[in-house]
Every structure is written in structure tokens, then in C-alpha cells.
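First residue of the sequence shown: 14, per the working numbering; consecutive thereafter.
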Amino acid sequence: MTSAIRRGAVAFGAALAAIGLATPAARAADDIVLACYAGDIQDYFVKEILPDFEKQYNVKVTYLPGVSMATISKIQAQKDSPQIDVACLDDGPQYQAKALGLLQPTDPSALPNLADVYKVAKMSDNIGVGWALFGVGIAYNPEALAKAGIKPPESWNDLADPKLRDHVVVDSITSTYGLDLLIMLAQSNGGGVNNMDPGFAKMKEVAQNVVTFDTTADLTKFFQQGEAWVGVWTNSEANAYASRTKFPLDFAYPREGAPALMATASVVKGAPHQKLAEALLNYLIGENAQTIIGLKIGFGPVNEKVKLPPEAAAKVTYGPEAANRLVQMDWSVINKERPSWTERWNREIEQ
14 MTSAIRRGAV AFGAALAAIG LATPAARAAD DIVLACYAGD IQDYFVKEIL
64 PDFEKQYNVK VTYLPGVSMA TISKIQAQKD SPQIDVACLD DGPQYQAKAL
114 GLLQPTDPSA LPNLADVYKV AKMSDNIGVG WALFGVGIAY NPEALAKAGI
164 KPPESWNDLA DPKLRDHVVV DSITSTYGLD LLIMLAQSNG GGVNNMDPGF
214 AKMKEVAQNV VTFDTTADLT KFFQQGEAWV GVWTNSEANA YASRTKFPLD
264 FAYPREGAPA LMATASVVKG APHQKLAEAL LNYLIGENAQ TIIGLKIGFG
314 PVNEKVKLPP EAAAKVTYGP EAANRLVQMD WSVINKERPS WTERWNREIE
364 Q
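Below, the structure written as C-alpha cells:
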């Protein structure tokens, strides 16, 4: 895949630095690389969001789909010769990428749209910016559950119901969703990030029902094929998928709480096209892109100028009050312990 990514000419890079993107339409077209999420998100980015940016800056955006940890692995592999310009990462993995020195600060003056962004989506170190807010919970097919005589889920522990055998789809711990589930199972059974034994014990029960541990964070195909009756997903993704396809899918906020999740975008350290990368970050948090993100993708917008109609607002994390209701994860502890949890997961859960 990397052999197909054009790095751009040295002359273009020098010219770009000289003009500072002041006259983007006057430049020759080139490619920048955005590593971001797969599935419906990719479709909407490619069809609805990126074309206007490409037109404004006379540039082609090459889209590399993948979950956060897979993207980090790509960036690490290319560390000596970066080929990715902008990386979309869940907030937890973004902290990891920062600690590994894989991302670089952005000049605040290059992101004038930051003035309209909620505080929760701003980074104190100026490395990256949040572009969407979510709540992680349980997506489920109410028709499939009713047919099987199963009540809609109300707790994270409901995923261990034996009636759901071979009809649960859970992301691997390499994805934030799998990690969130493990932590919430721990908290729901007397533990937490400082005592994960209850989480692993309950996860072993849930694993008996899991038809597959997904690595793409895209549950659509599993629901479509009837393999998944329930799965760990976000409010925005579940509602957007249901609205777009008319598939019978509901979303439950478990009584123990729904973890907060934020999608971030960051400039990769040593990115081939750094100023264009900064321009893309600014574009993603701008009112136009954020309106598309809220209305069409169905993600919680971070730009306070975005106004959603009541029906759309009810389906996403919308506004500061909604964001404050979510469970904030302690990434300072999680990222420190995640390697040992991953090793244990691979040994005890995905054997």
C-alpha cells in the first residue's frame, strides 16, 4: 500500500512553505494522506467532506482506513520516513501516540476554527484536536432479540446472557471499544482500572457468546448478515447506520454508564505536507464540515456554531451538557496498564 502513496516533489514542498497556503488554487495538485476510520465513516468522508477541501486546496486526499491501533502501527513503521500526514485516532490511543513521539504540535494560528470548538475537544499541548464526540454503549437488533425472547440490554453484564451465544460481536482490545467494554465490565462487578480481575472474569463469560472479535470497529456487516444481535458501538454510529439503511437497530446506554469517546485528528511528526495537514485539521473542525459530521454521519459535533434540528440532536452527543454526562476514562492509568491487559486478553480471552 505504501508504494502507492506519492510523497510529492521537493520543489512543491519548498513552494508550499514559501506561500504558506495563501493561494492554494494556484498550486499543482498533489496527494496528502489521511489515515482514518473504515466503514460508513470512510464513505461519508470520501463523498461528503473531503471533496470541498480538495477543491479549495487543489489537492487529492488519499484515505487509508483502519482502527486507531493499526494506524499507530503504520506510523511507527514509517517513523524514519513518514508517509501519513494526518491521523484520526480515538482519544486514548492518541495519548499513546503522543507518548511515543509520533505526533507533532500544530500552530494555533493555523487553526482559526479552534475559536469555535468546545473546550473538551481542545488539546492543551496543541497536538491534534477533537472532531467528534461519542458515547460507547450497546447496539442491538430489537427484532432479533424479541424473536429469541431476550429483553433489550440494560447492563454491560447482559452481554454474558447465554441466550446470546454466537450473536455478540465485540472488538478486540486493540480497539477502544473492546478496551472500554473490559473496563466497564470491571467497574460493573466491583473493580475498575486499578482492579481488572472482575472485568476479565466477566469478559470470559461474554466471550462464550462472541461470534467474532472484530478488528475494524465496523459492525455493519455483522448486523446485516444476522450474525450480530448485539454489539459494542457508539450512539452516533448505531443511529447513523439505522437512519441510513433503515435497519432495525437501537442503542442502549448501560445503567453503569457510557464511556466518553472522542475522535481526534493530529499531524504526524515529520509529515510530508505539514501545512496542508494543518489546513485539513482546521477544515475538519470548521462549521461546514462539522454540520455534515452532525447531520449526515451522525457524530456529535465539536463546533459550537453547529445547530442541529431536534431529531438529529437527540441521536448524537450534542453540546457541552451532553458531553458532561458521559463517563470520562482515566487514560493516564489505562495507557500505562494497557500492554499488560492486552497480553492477558490475548492469553485468556482470544485464545
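Think of the CB as a built atom: it goes at the ideal place given N, C-alpha and C, for glycine as much as any other residue.
Spatial neighbours of Ile163 within its chain, please: C-beta separation below 6 Å, excluding the five flanking residues on both sides. Sequence index remark: in the sequence shown, residue 163 carries index 150 (1-based). If we look at Ile163 and ignore the five residues flanking it on each side, its Cβ neighbours are Lys176.
Would you decide whether Asp43 is buried or exposed? Buried here means 16 or more other CB atoms lie within 10 Å of its CB. Position 30 of the sequence shown holds residue 43. Buried: at least 16 other Cβ atoms inside 10 Å.
Proximal residues to Thr187 (C-beta, below 6 Å), its chain only, five neighbours per side dropped: Counting from 1 along the sequence shown, the entry for residue 187 is found at position 174. Correct list, in chain order: Met82.
Between Val340 and Gly270, which are expected to be in contact by the criterion C-beta below 8 Å, what is the C-beta distance as a whole number of angstroms? By 1-based counting over the sequence shown, the position of residue 340 is 327. By 1-based counting over the sequence shown, the position of residue 270 is 257. About 4 Å separates the Cβ atoms of Val340 and Gly270, confirming a contact at the 8 Å cut-off.
Start and end residues, alpha helix (DSSP H) containing Ser81: Within the sequence shown, residue 81 is the residue found at index 68, counting from 1. Ser81 to Ala90 is the extent of the alpha helix (DSSP H) around Ser81.
Nearest to Asp193 by alpha carbon, out of Pro64, Lys160, Gly313 and Ile151? Within the sequence shown, the letter at position 180 stands for residue 193. Nearest Cα to Asp193 within the set Pro64, Lys160, Gly313 and Ile151: Ile151.
What runs of the alpha helix (DSSP H), each 4 residues or longer, lie entirely inside the stretch 81 to 154? Runs of the alpha helix (DSSP H) inside the stretch 81 to 154: 81 to 90 and 104 to 112.
Would you decide whether Asp138 is buried or exposed? Buried here means 16 or more other CB atoms lie within 10 Å of its CB. Reading the sequence shown from its first residue, position 125 is the one you call residue 138. By the C-beta density criterion, Asp138 is exposed, having fewer than 16 other C-beta atoms within 10 angstroms.
Three or more beta-carbon pairs under 8 Å between the stretch 253 to 271 and the stretch 118 to 128, yes or no? No, they do not touch.
Taking 9 Å as the threshold (beta carbon to beta carbon), is Leu192 in contact with chain C? The displayed structure is made up of one protein chain only, and chain C is not part of it.
Which word fits Gly299, buried or exposed, when buried means at least 16 other C-beta atoms lie within 10 angstroms of its C-beta? Taking the first residue of the sequence shown as position 1, residue 299 is located at position 286. Buried, because 16 or more other Cβ atoms sit within 10 Å of the Cβ of Gly299.
For Leu47, the first and last residue of its enclosing beta strand (DSSP E): As a first step, residue 47 is located in the sequence shown; it is residue number 34 there, counting from the start. First-last of the beta strand (DSSP E) with Leu47: Asp44 to Cys49.
Beta-bridge partners of Phe264, as assigned by DSSP: Start at 1 with the first residue of the sequence shown, and residue 264 comes out as number 251. Secondary-structure assignment with DSSP links Phe264 through a beta bridge to Ala152.
Per the contact definition of three or more C-beta pairs closer than 8 Å, is the stretch 50 to 61 in contact with the stretch 70 to 86? The stretch 70 to 86, when compared against the stretch 50 to 61, does touch it at the 8 Å Cβ threshold.
Length of the line joining the Cα atoms of Val23 and Lys92: Counting from one through the sequence shown, the residue named residue 23 turns up at place 10. Counting from one through the sequence shown, the residue named residue 92 turns up at place 79. The pLDDT assigned to Val23 is 31, lower than 50, so where the model puts this residue is not dependable; a value taken from the coordinates is nonetheless given after this. Taking the straight line from one Cα to the other gives about 19 Å.
Which value, in whole angstroms, describes the spacing of the CA atoms of Glu363 and Phe226? Looking up residue 363 in the sequence shown gives position 350. Looking up residue 226 in the sequence shown gives position 213. Spanning the two alpha carbons is a distance of roughly 8 Å.
Of the residues Ala335, Asp179 and Lys328, the one placed nearest Asn222, counting alpha carbons only: Reading the sequence shown from its first residue, position 209 is the one you call residue 222. Closest by alpha carbon: Asp179.
Tell me the rounded alpha-carbon separation between Phe147 and Val329. Residue numbering aside, residue 147 sits at position 134 when the sequence shown is read from its first letter. Residue numbering aside, residue 329 sits at position 316 when the sequence shown is read from its first letter. So the alpha carbons of these two residues sit roughly 7 Å apart.
Reduced DSSP category for Val319 - H, G, I as helix; E, B as strand; rest coil: Position 306 of the sequence shown, counted from the start, is the residue given in the question as residue 319. The answer is coil: DSSP assigns Val319 none of H, G, I, E or B.
Any 3 or more C-beta pairs closer than 8 Å across the stretch 125 to 144 and the stretch 287 to 301: Taking 8 Å as the limit for Cβ pairs, the verdict is that the stretch 287 to 301 does touch the stretch 125 to 144.
Inter-stretch contact at 8 Å, needing at least 3 Cβ pairs: the stretch 236 to 243 / the stretch 103 to 116: Touching, no, given that fewer than three Cβ pairs across the two stretches are closer than 8 Å.
Looking at C-alpha atoms only, which residue of Pro314, Gln303 and Ala199 is the closest neighbour of Glu218? By 1-based counting over the sequence shown, the position of residue 218 is 205. For Glu218, the nearest C-alpha among the options comes from Ala199.
Would you mind sorting Ala90 into buried or exposed? The rule is 16 or more other CB atoms within 10 Å of its CB. Position 77 of the sequence shown, counting from 1, holds the residue named residue 90. Ala90 counts as exposed, since fewer than 16 other beta carbons sit within 10 angstroms of its beta carbon.
Can you look up Ser279 in the DSSP assignment and give me helix, strand or coil? On the sequence shown, position 266 is the one that residue 279 refers to. In the structure shown, the three-state DSSP call for Ser279 is strand.
In its own chain, which residues sit with a C-beta less than 7 Å from the C-beta of Thr36, not counting the 5 before and 5 after it? Position 23 of the sequence shown, counting from 1, holds the residue named residue 36. With a pLDDT of 37 at Thr36, under the threshold of 50, the predicted position of this residue should be treated as unreliable, though the coordinate-derived value follows. There are no such residues.
Tell me the residue span of the beta strand (DSSP E) that contains Asp343. Taking the sequence shown and counting its residues from 1, one reaches residue 343 at position 330. Bounds of any beta strand (DSSP E) do not take in Asp343, whose DSSP letter is neither H nor E.
Which word fits Asp231, buried or exposed, when buried means at least 16 other C-beta atoms lie within 10 angstroms of its C-beta? Sequence index remark: in the sequence shown, residue 231 carries index 218 (1-based). Under the 10 Å beta carbon count, Asp231 is surrounded by 16 or more other beta carbons and is classified as buried.
In three-state terms, what does DSSP make of Pro78? Position 65 of the sequence shown, counted from the first residue, corresponds to residue 78. Here Pro78 sits in strand by DSSP.
Around the C-beta of Asn316, are 16 or more other C-beta atoms found within 10 angstroms, so that it is buried, or is it exposed? The sequence position of residue 316 within the sequence shown is 303, counting from 1. By the neighbour-count rule (16 or more Cβ atoms within 10 Å), Asn316 is buried.
Asp184 bridges to which residues according to DSSP? Residue numbering aside, residue 184 sits at position 171 when the sequence shown is read from its first letter. Under DSSP, Asp184 shares a beta bridge with Asp227.
Between Glu61 and the rest of its own chain, which residues show a CB-CB distance below 7 Å, the 5 nearest in sequence each way excluded? Within the sequence shown, numbered from 1, the residue matching residue 61 stands at position 48. Within the same chain, Glu61 has close Cβ partners Ile305 and Lys309.
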